[in-house]
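Just below is one structure, and these are the notes that go with it.
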Amino acid sequence: MSLDRSKTLFPYPNYVRRLNFSFLAPELTDDILVRFDSCKRLERLLLPGSNKVTEDGLKRILTVGRGLYTLDMSEIPAVTDSVLEYVANHCPKLHTLYLTGCSTITDGSVVKLAANCPGLKRIKLGQCSLLTDRSILALTKNCPHLMEIDVTNCNLMTNTAIQSVFKTLPQVRDINMTLFANLTDQAFSFIPIGPPASSNIRFDQLRVLNLTSCVLITDETLARIIPAASRLRNLTLTKCDRITDAIFAMAQLPKLRRIGLVKCANITDHGIYAMLVSQIVPQTLERVHLSYCVHLSDTAVAALVSQCSKLTHLSVTGVPAFMSHRYQKFCRTPPSEFTAHQREVFCVFSGKGVRELRQYMQEHPTVPSSTLSSIQRSYRIMGSTVASMVAGGQHSSAILAHLGFTLRETENHIQNLAAHNAAAVATTSDVATAAGTENDGEPTAILYAPSADNSEDLPNIEALSTSVADPSIQQRQENEALELEQQMEEMDQEFDYAEMMMEQH
Numbered sequence: 201m202s203l204d205r206s207k208t209l210f211p212y213p214n215y216v217r218r219l220n221f222s223f224l225a226p227e228l229t230d231d232i233l234v235r236f237d238s239c240k241r242l243e244r245l246l247l248p249g250s251n252k253v254t255e256d257g258l259k260r261i262l263t264v265g266r267g268l269y270t271l272d273m274s275e276i277p278a279v280t281d282s283v284l285e286y287v288a289n290h291c292p293k294l295h296t297l298y299l300t301g302c303s304t305i306t307d308g309s310v311v312k313l314a315a316n317c318p319g320l321k322r323i324k325l326g327q328c329s330l331l332t333d334r335s336i337l338a339l340t341k342n343c344p345h346l347m348e349i350d351v352t353n354c355n356l357m358t359n360t361a362i363q364s365v366f367k368t369l370p371q372v373r374d375i376n377m378t379l380f381a382n383l384t385d386q387a388f389s390f391i392p393i394g395p396p397a398s399s400n401i402r403f404d405q406l407r408v409l410n411l412t413s414c415v416l417i418t419d420e421t422l423a424r425i426i427p428a429a430s431r432l433r434n435l436t437l438t439k440c441d442r443i444t445d446a447i448f449a450m451a452q453l454p455k456l457r458r459i460g461l462v463k464c465a466n467i468t469d470h471g472i473y474a475m476l477v478s479q480i481v482p483q484t485l486e487r488v489h490l491s492y493c494v495h496l497s498d499t500a501v502a503a504l505v506s507q508c509s510k511l512t513h514l515s516v517t518g519v520p521a522f523m524s525h526r527y528q529k530f531c532r533t534p535p536s537e538f539t540a541h542q543r544e545v546f547c548v549f550s551g552k553g554v555r556e557l558r559q560y561m562q563e564h565p566t567v568p569s570s571t572l573s574s575i576q577r578s579y580r581i582m583g584s585t586v587a588s589m590v591a592g593g594q595h596s597s598a599i600l601a602h603l604g605f606t607l608r609e610t611e612n613h614i615q616n617l618a619a620h621n622a623a624a625v626a627t628t629s630d631v632a633t634a635a636g637t638e639n640d641g642e643p644t645a646i647l648y649a650p651s652a653d654n655s656e657d658l659p660n661i662e663a664l665s666t667s668v669a670d671p672s673i674q675q676r677q678e679n680e681a682l683e684l685e686q687q688m689e690e691m692d693q694e695f696d697y698a699e700m701m702m703e704q705h
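Set out below in structure tokens:
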């Protein structure tokens, strides 16, 4: 039952500033929505997922939009070009607009929006699959205060759109280019490679950069962006499988808190060690995602966990080196909706689990400390050499070629050190080396000291065999696990966003 407006003691509609229908979205209809069209001083209206409202219902409530600052119409099928043009005509003060999943809107309505709402600061256009470069060019031209842009899965857009963002909006803080299929290194070719002081191109306000599944970018993109964006806090390169150990460039980011490298299959221990050479990054990192980086060893991850004292979250799901009960006993409980296989390979450490893992790895090192020290010295030398090449303005291809050569030399050096230490340990201790027998009868050296319960040191054979049984099933399960892991991150990202907003005021 509702009270007739004429019988109320106070003019309640005049006091309403914010309406959030997020939790009522499945039940929200035009009849309910239009009851609020008398709230003429509305500033914030959230309607995400309201799939029962119509164009007419949306237009009716938008007549109150003269003072509207924030509008969320994500995942509403009724949002068409006509509705968006209505927003452009009735909401001139708009600074935040979320249109994620509004797949029928086209460039024409976005161009009109950009012309009529020059105060826009945040816009999300994810999965608006009909939009092209024209939309972004209009926004960057007419909305100079834009700080947050989401063009997830906008597959008709090209490098031109992204260049426009970076060239026109130096104050941009958050860019999400997930599944931006056409993005290549060419989008960033205008940024010179070299130390920050050698270029006036800077993105000092950039805090969050998401390049998930931008499968065409390579190490060159990192070499150009990272020196120019020294205040990055969150860098996501998930499924960017052309990225290699050149992630060492992240060592230049003194504010970096979160790294997403899930399914970056070409990353090896080299990249982790090289990144840790910095005296800066290990002091700031809080969350690291390395799931399905199958070439990583527990030795490199142990160095990461040991040196990053602020680390509170580590995901290594699907990394063979961590499919061992001795590590999994410290990880979080898998979500209940996971399949049996997903539970077997799930390996995520948070909070207390990270601290316990760090202590365990320090007490049970996989290589002697002398070997690890030698590894770190090698990477410090490598880092100094590459830094000198960057400072000298050498071309990226020369730098990367030198890096590749140095990594090969370092790998040989590490292998020699490991073999030397293994031989030394074998002659002095029966504990640190165990002799096994292969099918052909040849002995095999084990380079770590087994725990009291040898079964804990063995990989989970069942999980390993399951993972290779059917590649198509494995791929689907991996994708599902990644999606769930991403959901687990959403709350943390909301805290990050709130913190960023506080910094602005």
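Going by our numbering, the sequence shown opens with residue 201, and the numbers climb by one from there. Where a beta carbon is used, it is the ideal one built from N, C-alpha and C, also for glycine. Since we're looking at a predicted model, the values are computed, not measured.
Nearest residue (CA-CA) to residue i, options the options
i      : options                        : result
ALA278 : ALA288, VAL548, LYS293, LYS259 : LYS259
THR340 : ASP498, PRO392, LEU271, ILE323 : ILE323
ILE375 : ASP350, ASN355, SER497, LEU356 : ASP350
PHE448 : ASP498, CYS493, HIS470         : HIS470
THR512 : PHE403, ALA428, VAL283, ILE459 : ILE459
ASP256 : VAL287, ALA315, LEU325         : VAL287
LEU409 : THR468, PRO226, LEU461, ASN466 : LEU461
ASP237 : LEU219, VAL283, PHE223         : LEU219
GLN559 : GLY301, ARG526, GLN542, CYS239 : ARG526
HIS541 : CYS328, MET523, ASN214, LEU411 : MET523
ILE305 : SER274, SER515, ILE425         : SER274
THR352 : PRO370, SER329, CYS343         : SER329
SER335 : HIS345, ALA315, ILE425         : ALA315
LEU356 : GLY326, LEU299, TYR492, CYS343 : GLY326
Unbroken beta strand (DSSP E) run spanning residue i, endpoints
i      : result
TYR298 : 296-298
LEU219 : 218-220
ARG433 : Segment: none, ARG433 is in no beta strand (DSSP E) and carries neither H nor E.
LEU485 : From DSSP, LEU485 is part of no beta strand (DSSP E); its letter is neither H nor E.
Nonlocal neighbours in the same chain, by C-beta distance under 8 Å from residue i, ignoring five residues either side
i      : result
TYR212 : none
CYS291 : LEU262, GLY265, ARG266, LEU268, LEU271, CYS317
ARG217 : ARG241, LEU242, GLU243, ARG244
GLU662 : Because GLU662 carries a pLDDT of 38, less than 50, the predicted location of this residue cannot be relied on, and the following value inherits that uncertainty. Once the five neighbours on either side are set aside, the close Cβ partners of GLU662 are GLU544.
GLY641 : Since pLDDT at GLY641 reaches only 39, below the 50 mark, its modelled position is unreliable, and no value is offered.
ARG373 : MET347, GLU348, GLN405, LEU406, ARG407, VAL408, MET700
SER509 : PRO482, GLN483
Run of the alpha helix (DSSP H) containing residue i, from where it starts to where it stops
i      : result
GLU285 : 281-290
SER309 : 307-316
HIS564 : Unbroken run through HIS564: none, as it is neither H nor E.
PHE366 : 359-368
ARG543 : 540-545
VAL501 : 498-507
ILE261 : 255-262
ILE232 : 230-233
LEU416 : No alpha helix (DSSP H) contains LEU416, which DSSP labels as neither H nor E.
LEU339 : 333-342
GLY471 : 469-476
Neighbourhood of residue i by C-beta distance below 7 Å, restricted to the same chain and skipping five residues each side
i      : result
GLU285 : SER309, LYS312
PHE221 : LEU228, LEU246, LEU247, SER250
CYS414 : MET377, PHE380, LEU383, CYS440
LYS455 : ARG431, LEU432, ARG433, THR484
THR358 : ASP333, ASN382
GLY551 : THR512
SER282 : GLU255
Beta-bridge partners of residue i, as assigned by DSSP
i      : result
PHE388 : Its beta-bridge partners do not exist; DSSP assigns none.
GLU348 : ARG322, ASP374
ASN353 : Bridge partners of ASN353: none, in fact.
ARG746 : This structure gives no information on residue 746, because the portion of the chain shown stretches from 201 to 705.
ASN155 : A query on residue 155 cannot be resolved here, the shown segment of the chain reaching from 201 to 705 and no further.
VAL548 : SER515
THR270 : ARG244, THR296
HIS489 : GLY460, SER515
Own chain, CB closer than 6 Å to residue i, minus 5 neighbours either side, in chain order
i      : result
THR254 : ASP230, ALA278
PRO565 : none
SER478 : ALA451
ALA521 : SER497, ASP498
ILE276 : SER250
SER708 : Residue 708 lies beyond the residue range present for the chain, which begins at 201 and ends at 705; the question has no answer from this structure.
HIS595 : In this predicted model, HIS595 has a pLDDT of only 49, less than 50, meaning its place in the structure is not dependable enough to derive any value.
Any non-hydrogen atom of the ligand NAP closer than 7 Å to residue i Cβ
i      : result
GLN562 : Looking for the ligand NAP in the displayed structure turns up nothing, as the structure carries no ligands at all.
- Query: Okay, do the stretch 437-445 and the stretch 410-423 touch, 3+ Cβ pairs below 8 Å being the bar?
  - Reply: yes
- Task: For the stretch 381-395 and the stretch 362-369, state whether three or more C-beta atom pairs, one from each stretch, are separated by less than 8 Å.
- Result: yes
- Task: Count the CB pairs spanning the stretch 534-552 and the stretch 495-502 that are closer than 8 Å, and state whether there are at least three.
- Result: no
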